[in-house]
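A.B. asks: According to this note's numbering, the residues represented by the sequence shown are 3 to 360, in order.
Yeah, the Cβ is synthetic: ideal placement off N, Cα and C, and Gly gets one too.
Please read these numbers as outputs of a predicted model, since none were measured by experiment.
Questions regarding the structure given below will be posed in turn.
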Amino acid sequence: MSTGETRAVRLTRWGGPPVLTELPRPVPTGQEVLVRVEAAGLCGSDLHVIDATPGSLPYRIPFTLGHEVAGRVVERGPQSVGPAVGERVVVYGPWGCGRCANCTSGAENYCDRRTALDRALTGTGAGLGHDGGMADVLLVPSGRLLVPVGDLDAVQAAPLTDAGLTAYHAVTAVRHALADGGGVVVLGVGGLGHLAVQILRATTTARVLAVDVRAEALALADACGAHFATLLRPDTAQVLRARTAGAGAVAVLDFVGSRSSLELAVAVLRAGGELAVVGSGGGELTVRKPGALPPGTRISLPFWGTVPELERVVTLAREGSLRVEVERYTLPGALEAIERLRAGAVRGRAVIVPDGPS
Ligand code: FEH
Ligand code: ZN
Ligand code: ZN
């Protein structure tokens, strides 16, 4: 690979496997900033993108995968803003229009132009319709999308931009219900769930009750500070209720979003409780009155997070309150990481290190 090229893991046809290829190294113009990638996390959503059928996503192929990126600024366009050349950063992944009310408040995850009404955006962000960071370099549309990380290790920093930020945003959605040390149930202790446990312990007084289907995930939940962790069983709702003195959970963070996880959420929620559905597991919830949902239930569907929240997540990590469980892979190893993630074999988060040892 010459200095004028970059390796990249790209989606070149819908439903086909990603391929490792070489591209001309981008040159930043206008407000653009070029980041040398030091680490790029792999997410369950990457599998959804890879497996998408033609026309199901508003993205044009080919594009480079990778929406969870940390690196160093190496070149800036003449009108660029933000971190200087040489500064280590993480990349805020949801790239909005940058001009609507949500974008100008830092909530590009809820850009008004990404709605069905105005598909002005042809992509969700880095690695999601736009070239992402599963590569040697990443061209970022604006320095507004970069958050400095100081000396935080890139392999720890990259997952903060998606797994960490999404978990933090979900906790924020239910935070007001957590004030009195009530029980909060975390469904799924994977890449996002294990960080949610740590965020809850670091920023709330809630009692954290974790549920997963894998025994090794329960060990991870314990290591992350969960007060209680259990496998999903037929009596899990009763077990969790007993852990909340019969009142039920003041909040449930569902990082799975499957039929069984949503059923468990409904069964353990306290009246007036909060349900945040984060996972895209295909489960459905019937909202009807009267119905299965306890009275007063509030439901949110949090998506990713905001730039100010990403700054807070980076601060939590830099002060030692967040530790990401990672599996490292080289750039060519990304394909192996994808298959391990698909098999449910990844512990914590898979992170690709382009300059890592081959
Ligand atoms: C990205 C794109 C679309 C759906 C979900 C996601 C998440 O991985 C972002 O955290
Ligand atoms: Zn993601
Ligand atoms: Zn916008």
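#1: For Asp153, does the three-state DSSP call read helix, strand or coil?
#2: Any idea if Pro20 is buried or exposed, counting beta-carbon neighbours within 10 angstroms, 16 or more meaning buried?
#3: Suppose only complete runs of 4+ residues qualify. What are the alpha helix (DSSP H) ranges in the stretch 173–206, listed by chain order?
#4: By the three-class DSSP mapping on this structure, what secondary structure does Ser360 have?
#5: Could you tell me the boundaries of the alpha helix (DSSP H) in which Asp256 lies?
#6: What whole-angstrom Cβ distance do Leu67 and Gly134 have, given they're in contact under 8 Å?
#7: Following the continuous alpha helix (DSSP H) through Ile340, name the residue where it begins and the one where it ends.
#8: Work out the CA separation of Gly79 and Val289 for me, nearest whole Å.
#9: Within 7 Å: the Cβ of Ser47 and any heavy atom of ligand 1?
#10: Could you check whether the Cβ of Trp97 sits closer than 7 Å to any heavy atom belonging to ligand 1?
#11: Using the C-alpha atoms, what's the distance from Thr246 back to Ala98?
#12: Does the separation of the CB atoms of Leu162 and Leu266 fall below 8 Å?
#13: Please state the DSSP three-state secondary structure of Arg96.
#14: So what does DSSP say about Val51, is it helix, strand or coil?
#15: For the beta strand (DSSP E) that contains Ala273, what are its first and last residues?
#16: Are there 16 or more other CB atoms within 10 angstroms of the CB of Asp237, so buried, or fewer, so exposed?
#17: Go ahead and label His171 buried or exposed: buried means 16 or more other beta carbons lie within 10 angstroms of its beta carbon, across all protein chains shown.
#18: So what does DSSP say about Asp214, is it helix, strand or coil?
#19: With a 10 Å radius around its C-beta and 16 neighbouring C-beta atoms as the bar for buried, classify Ala244 as buried or exposed.
#20: Specify whether the stretch 176–187 and the stretch 202–210 touch according to this definition: at least 3 beta carbon pairs, one from each stretch, less than 8 Å apart.
#21: Rounded C-beta distance between Leu277 and Val254? I'm assuming under 8 Å.
#22: Counting only the same chain and skipping the five closest in sequence on each side, list residues whose C-beta sits under 8 Å from that of Pro60.
#23: With a threshold of 8 Å on Cβ separation, who are the neighbours of Ala10 within its own chain once the five nearest residues in sequence on each side are excluded?
#24: Could you tell me whether the stretch 98–112 touches the stretch 298–310, where touching means 3 or more Cβ pairs closer than 8 Å?
#25: Going by C-alpha to C-alpha distance, which of Val316, Leu13, Arg344, Glu341 sits closest to Ala169?
C.D. replies: Quick answer:
#1: Taking the sequence shown and counting its residues from 1, the one referred to as residue 153 is at position 151. The three-state reading of DSSP puts Asp153 in coil, since its state is none of H, G, I, E or B.
#2: The residue given as residue 20 occupies position 18 in the sequence shown. By the neighbour-count rule (16 or more Cβ atoms within 10 Å), Pro20 is buried.
#3: 195–205
#4: Taking the sequence shown and counting its residues from 1, the one referred to as residue 360 is at position 358. With a pLDDT of only 49 at Ser360, under the threshold of 50, the placement of this residue in the model should not be trusted, and no figure is reported.
#5: For this step, residue 256 is matched to residue 254 along the sequence shown. Element bounds for Asp256: not the alpha helix (DSSP H) but the beta strand (DSSP E), 251–256.
#6: As a working mapping, residue 67 is identified with position 65 in the sequence shown. As a working mapping, residue 134 is identified with position 132 in the sequence shown. Correct: roughly 5 Å between the Cβ atoms.
#7: For the purposes of this step, residue 340 is identified with residue 338 of the sequence shown, where counting begins at 1. Element bounds for Ile340: 336–344.
#8: For this step, residue 289 is matched to residue 287 along the sequence shown. For this step, residue 79 is matched to residue 77 along the sequence shown. Their backbone Cα atoms lie some 49 Å apart in a straight line.
#9: For the purposes of this step, residue 47 is taken as residue 45 along the sequence shown, with counting starting at 1. Yes; taking the cut-off as 7 Å, the Cβ of Ser47 has a heavy atom of ligand 1 nearer than that.
#10: One-based indexing of the sequence shown puts residue 97 at position 95. No, Cβ of Trp97 sits at least 7 Å from all heavy atoms of ligand 1.
#11: In the sequence shown, the residue the question calls residue 98 occupies position 96. In the sequence shown, the residue the question calls residue 246 occupies position 244. As written in the sequence, residue 98 is Gly, which differs from the Ala given in the question. Distance between the alpha carbons of Gly98 and Thr246 is about 41 Å.
#12: Stepping through the sequence shown from its first residue, residue 162 is reached at position 160. Stepping through the sequence shown from its first residue, residue 266 is reached at position 264. No, Cβ-Cβ distance for Leu162 and Leu266 is not below 8 Å.
#13: Indexing the sequence shown from 1 puts residue 96 at position 94. Arg is not the amino acid found at residue 96; the sequence shown has Pro there. In this structure, Pro96 counts as strand in the three-state DSSP scheme.
#14: Walking along the sequence shown from the start, residue 51 turns up at place 49. Here DSSP, grouped into helix, strand and coil, assigns Val51 to helix.
#15: Position 271 of the sequence shown, counting from 1, holds the residue named residue 273. For Ala273, the uninterrupted beta strand (DSSP E) segment begins and ends at 271–279.
#16: The count along the sequence shown starts at 1 and reaches residue 237 at position 235. Classification of Asp237: exposed, given that the 10 Å Cβ count is below 16.
#17: Locating residue 171 in the sequence shown gives position 169, where the first residue counts as 1. His171 should be labelled buried.
#18: Reading the sequence shown from its first residue, position 212 is the one you call residue 214. DSSP places Asp214 in strand when its eight states are reduced to three.
#19: Residue mapping note: residue 244 aligns to position 242 of the sequence shown, counting from 1. Exposed.
#20: yes
#21: Locating residue 277 in the sequence shown gives position 275, counting from the first residue. Locating residue 254 in the sequence shown gives position 252, counting from the first residue. Contact between Leu277 and Val254 is confirmed by a C-beta separation of about 5 Å, below the 8 Å threshold.
#22: The count along the sequence shown starts at 1 and reaches residue 60 at position 58. Counting only Cβ-Cβ distances below 8 Å, and skipping sequence neighbours, we find Arg121, Leu123, Thr124, Gly125, Gly131.
#23: Locating residue 10 in the sequence shown gives position 8, where the first residue counts as 1. Within its own chain, the residues whose Cβ lies closer than 8 Å to the Cβ of Ala10, once the five positions on either side in sequence are excluded, are Leu22, Thr23, Glu24, Leu25, Thr66, Asp133, Met136, Ala137, Asp138, listed in chain order.
#24: yes
#25: One-based indexing of the sequence shown puts residue 169 at position 167. Checked all of Val316, Leu13, Arg344, Glu341; the closest Cα to Ala169 is Val316.
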